[in-house]
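Trainee: Could you have a look at this structure, given as structure tokens, before my questions?
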Ligand code: SF4
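Numbering (my numbering), first residue to last: 6 to 718.
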């Protein structure tokens, strides 16, 4: 707390207003002021406190730009760049310039609209991050891009939960969490699958604590038993704060990529024991017989090898699962950032449907969102593969949207975020326009990303602070200062992980010439297509919200939100209540999923490395040492037996090499499945391939795992 006061000492009053009136710009659990919609008492965590400094920081002094070269700034770490303060003025750097120079907004927006017009909309792409961005901004960005004829608009929802969007739509007809956070508290069993809320959504641990108080059981399915999921100190409870609370009742140490095999093995045992919910399956689902046939053709032994588990371990899971009256299956990027991640999601849905764990009290399918903006980003249409409302990009939907908007809408999907890098690399992009984010940190193979960005004739980076990608040289680079969600004129909304659209009021603050992003998108669209200016002439963003309610009917109510705490949950507390699914025939669909055991065989001499998070938020690293694990940023987690087999010990310096790069680090002994490793992300991105073949084909999400050799240094 002392550190937070020190970081915000220049503007403590504003920090307090953000804390007490604003909707948290951290993760997607969501809280307005200091209270949420689930628990009594205060909802606050250190992640939110860390973000305060970005909201209260003073403007970057002009002298910095005059006295420091772009190369000098580019060598600083993300943390050092953030600490320089808030972007306050439009800046430009052309080829050959050593420094950025201040320009006017008019010059910047003319350059951007000229660039889009000159190269044409197919050679322009727009990406938006997820931290802090509001629904209003996503909606205006998606509409502006399409008005200009650009199909390539994508957002950070891509690399986190795009496979959940695909997998859930195919199976239950809706790409969202089916239950509420209240259901976690009322559940009998919570399965945390490839997720680490203790690090990423800390207040979730309070919900889990309350669930445990009621007698709920917790199963962790993950290669590593994260210490924060094993035992955690919930600060708002005196006993837990002092003595800690043991959360995990059963740990399933599945191999990276072994999730489908594990789910199939568990289903086989459920069927064998006759503990499936036959009534629910018959009344509310399709495809069960095909699934049973497919499972009958898969040997349990093969599945166990692929999952890296014993029959006893799977059996223990099934004991827990079949005896829970209501269970929540929750997953995150441990599932979604794999090459077969859509199958991973569908495997979890199979398991959920098999016992009717959808649409009733304490039960649900929960893709746990990491960032405050991601749910809205996809639902507002700032997505290369979806229009507002999450509708598929196709001719029928494009025509409907064109009628509502009053201009033609591109009917084919555009470049997704990883494909924007491909396009930049091959010279197919003239303009790359980015709102926040940092492709150098977020996408695989940073060397390749750097080279690709450098090829784009015009890059425009809108942000609140500096990031390293701004300093990648290029023919023409423009940096634009924008307002935070709190400063945004008229306030704004976010959609939380439980589908709650929540309002954050404007908390006025002027930072140099920073502008509200929804106005920037409207301005650029009006410059590129002057005859469409009236479609972007929202007098206030209240008018913008009213338009969202018209275009996305399930967001009805957003236009009524005005004050801190105002919220409307689309779909109500639960989706698919009574087993009625939003699919064409009202039934959910099981998916038979084959597992190729050979592809999961341990590769001789090599290790599978997975990328992990630690004391960070997205790619923003908060601490050099993760207090939950005690590991430094260069830690390479390895099982003690694997290290011993190599004659290595804790702390030994080693080098990992994949087919794209190398990473030096120090071993940290941990309990992991044999011949698997973990390294921190984003540092581990140097090992990850950005090739198309290494992405999940439907969602186009990179596989953030790699095969590596390990040698002592
Ligand atoms: S748990 Fe998430 S929503 Fe809640 S305060 Fe922390 S970062 Fe914000």
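We put the beta carbon where it would ideally sit given N, CA and C, even for glycine. Every value quoted in this text rests on a predicted model; they were computed, and no experiment measured them.
1. Thinking C-beta only, is residue 673 closer than 9 Å to residue 656?
2. Which two residues bound the contiguous beta strand (DSSP E) that contains residue 366?
3. Round the Cβ separation of residue 696 and residue 437 to the nearest angstrom and send it over; I've been treating them as touching at under 8 Å.
4. So residue 289 is in the alpha helix (DSSP H); what residue range does that whole segment cover?
5. Taking 9 Å as the CB-CB limit, is residue 247 close to chain B?
6. Between 124, 102, 397 and 23, which has its C-alpha nearest residue 533's C-alpha?
7. Any idea what DSSP makes of residue 485, helix, strand or coil?
8. Please name the residue, chosen from 516, 526, 498 and 451, that lies closest to residue 564 on a Cα-to-Cα basis.
9. Under a Cβ-count criterion, where at least 16 other Cβ atoms within 10 Å of its own Cβ denotes burial, should residue 553 be classed as buried or exposed?
10. By how many angstroms is the C-alpha of residue 661 removed from the C-alpha of residue 459?
11. Less than 8 Å between the CB atoms is what I'm expecting for residue 481 and residue 99, so what's the real figure, rounded?
12. Closer than 6 Å from C-beta to any heavy atom of the ligand SF4: which residues, in chain order?
13. Using only alpha-carbon positions, find the residue among 51, 318 and 80 that is nearest to residue 205.
14. Measuring CA to CA, which of 573, 18, 22 and 33 is closest to residue 378?
15. Taking only the alpha-carbon atoms, compute the straight-line gap between residue 644 and residue 261 and give it to the nearest angstrom.
16. Going by beta-carbon coordinates alone, are residue 272 and residue 234 separated by less than 9 Å?
17. Considering only residues of the same chain and omitting the five flanking positions on each side of residue 69, which have a CB-CB separation below 7 Å?
18. Can you find at least 3 beta carbon pairs, one from the segment 45–59 and one from the segment 97–113, that sit closer than 8 Å?
19. May I ask which residues mark the beginning and end of the beta strand (DSSP E) holding residue 711?
20. Less than 9 Å between the C-beta atoms of residue 43 and residue 185, yes or no?
21. Could you give the distance in angstroms between the alpha-carbon of residue 263 and the alpha-carbon of residue 126?
22. Any chance you could list the alpha helix (DSSP H) runs of at least 4 consecutive residues sitting entirely within the segment 172–242, in chain order?
23. Following the continuous alpha helix (DSSP H) through residue 54, name the residue where it begins and the one where it ends.
24. Grouping DSSP H, G and I as helix and E and B as strand, with all else coil, what is residue 111?
25. Among residues of its own chain, excluding the 5 on either side of residue 106, which ones have a beta-carbon nearer than 8 Å to its beta-carbon?
26. Quick test of the definition: if touching needs 3 or more C-beta pairs under 8 Å, does the segment 537–555 touch the segment 490–510?
27. Among residues of its own chain, excluding the 5 on either side of residue 591, which ones have a beta-carbon nearer than 7 Å to its beta-carbon?
28. What does a CB cutoff of less than 8 Å around residue 147 pick up in its chain, not counting 5 residues either side in sequence?
29. From residue 405 to residue 174, what distance separates their C-alpha atoms?
30. Whether or not the segment 242–258 and the segment 363–380 are in contact is what I'm after, with contact meaning three or more pairs of Cβ atoms, one per stretch, closer than 8 Å; do they touch?
31. What would DSSP say about residue 459, mapped onto helix, strand or coil?
32. Mind reading off the beta-carbon distance from residue 375 to residue 165? Whole number of angstroms is fine, and I expect it under 8 Å.
33. Enumerate, from N- to C-terminal direction, the unbroken beta strand (DSSP E) stretches of 3 or more residues contained entirely within the segment 65–119.
34. To the nearest whole angstrom, what separates the beta carbons of residue 369 and residue 579, a pair I think is in contact under 8 Å?
35. Cβ atoms of residue 216 and residue 504: under 9 Å apart, would you say?
Mentor: Looking at the coordinates:
1. Taking the first residue of the chain shown as 1, we reach residue 656 at position 651. Taking the first residue of the chain shown as 1, we reach residue 673 at position 668. Yes, the pair counts as a contact, with Cβ atoms nearer than the cut-off.
2. Within the chain shown, the letter at position 361 stands for residue 366. Note, residue 366: premise wrong, no beta strand (DSSP E); not H, not E.
3. Numbered from its first residue, the chain shown carries residue 696 at position 691. Numbered from its first residue, the chain shown carries residue 437 at position 432. No, residue 696 and residue 437 are not in contact; Cβ-Cβ is about 20 Å, not under 8 Å.
4. Your numbering for residue 289 matches position 284 in the chain shown. Residue 289 -> alpha helix (DSSP H) spans 283–289.
5. The structure shown has no chain B; it contains just one protein chain.
6. Walking along the chain shown from the start, residue 533 turns up at place 528. Ranking 124, 102, 397 and 23 by Cα distance to residue 533 puts 124 first.
7. By one-based count along the chain shown, residue 485 stands at place 480. Strand, per DSSP.
8. Taking the first residue of the chain shown as position 1, residue 564 is located at position 559. Nearest option by C-alpha distance: 498.
9. Position 548 of the chain shown holds residue 553. Buried, because 16 or more other Cβ atoms sit within 10 Å of the Cβ of residue 553.
10. On the chain shown, position 454 is the one that residue 459 refers to. On the chain shown, position 656 is the one that residue 661 refers to. Cα to Cα, residue 459 sits roughly 27 Å from residue 661.
11. Within the chain shown, residue 481 is the residue found at index 476, counting from 1. Within the chain shown, residue 99 is the residue found at index 94, counting from 1. Right, their Cβ atoms sit about 5 Å apart.
12. 29, 31, 32, 34, 35, 36, 48, 49, 50, 52, 53, 206, 207 and 208
13. For the purposes of this step, residue 205 is taken as the residue at position 200 of the chain shown. Comparing Cα-Cα distances from residue 205 to each of 51, 318 and 80, the minimum goes to 51.
14. In the chain shown, residue 378 corresponds to position 373, counting from 1. For the residues 573, 18, 22 and 33, the minimum Cα distance to residue 378 belongs to 33.
15. Counted from its first residue, the chain shown places residue 644 at position 639. Counted from its first residue, the chain shown places residue 261 at position 256. Approximately 14 Å, taken between the alpha carbons.
16. Counted from its first residue, the chain shown places residue 272 at position 267. Counted from its first residue, the chain shown places residue 234 at position 229. Going by C-beta atoms, residue 272 is not nearer than 9 Å to residue 234.
17. Numbered from 1 along the chain shown, position 64 holds the residue referred to as residue 69. 89.
18. no
19. Taking the chain shown and counting its residues from 1, one reaches residue 711 at position 706. Residues 710–717.
20. Translated into positions along the chain shown, residue 43 becomes position 38. Translated into positions along the chain shown, residue 185 becomes position 180. Contact flag set, yes.
21. Sequence index remark: in the chain shown, residue 263 carries index 258 (1-based). Sequence index remark: in the chain shown, residue 126 carries index 121 (1-based). Going from the Cα of residue 263 to the Cα of residue 126 covers about 41 Å.
22. 186–190, 202–205, 209–218 and 232–235
23. If you number the chain shown from 1, residue 54 lands on position 49. Per DSSP, residue 54 belongs to the alpha helix (DSSP H) from 51–61.
24. For the purposes of this step, residue 111 is taken as the residue at position 106 of the chain shown. Here residue 111 sits in helix by DSSP.
25. The residue you call residue 106 lines up with position 101 of the chain shown. Taken in chain order, the residues that qualify are 70, 96, 97 and 98.
26. yes
27. Position 586 of the chain shown, counted from the first residue, corresponds to residue 591. Answer for residue 591: 585, listed in chain order.
28. What you label residue 147 is simply residue 142 of the chain shown in a count that begins at 1. Once the five neighbours on either side are set aside, the close Cβ partners of residue 147 are 158, 385, 386, 387, 388, 392 and 393.
29. On the chain shown, residue 405 is found 400 positions in, with the first residue counted as 1. On the chain shown, residue 174 is found 169 positions in, with the first residue counted as 1. Taking the straight line joining both Cα atoms gives about 20 Å.
30. no
31. Here residue 459 is taken as the residue at index 454 of the chain shown, counted from 1. Helix.
32. Sequence index remark: in the chain shown, residue 375 carries index 370 (1-based). Sequence index remark: in the chain shown, residue 165 carries index 160 (1-based). Contact holds; Cβ gap of about 6 Å.
33. 96–99
34. Position 364 of the chain shown, counted from the start, is the residue given in the question as residue 369. Position 574 of the chain shown, counted from the start, is the residue given in the question as residue 579. Yes, residue 369 and residue 579 are in contact; Cβ-Cβ is about 7 Å, under 8 Å.
35. Position 499 of the chain shown holds residue 504. Position 211 of the chain shown holds residue 216. It is not a contact, given that the beta carbons lie outside the stated cut-off.
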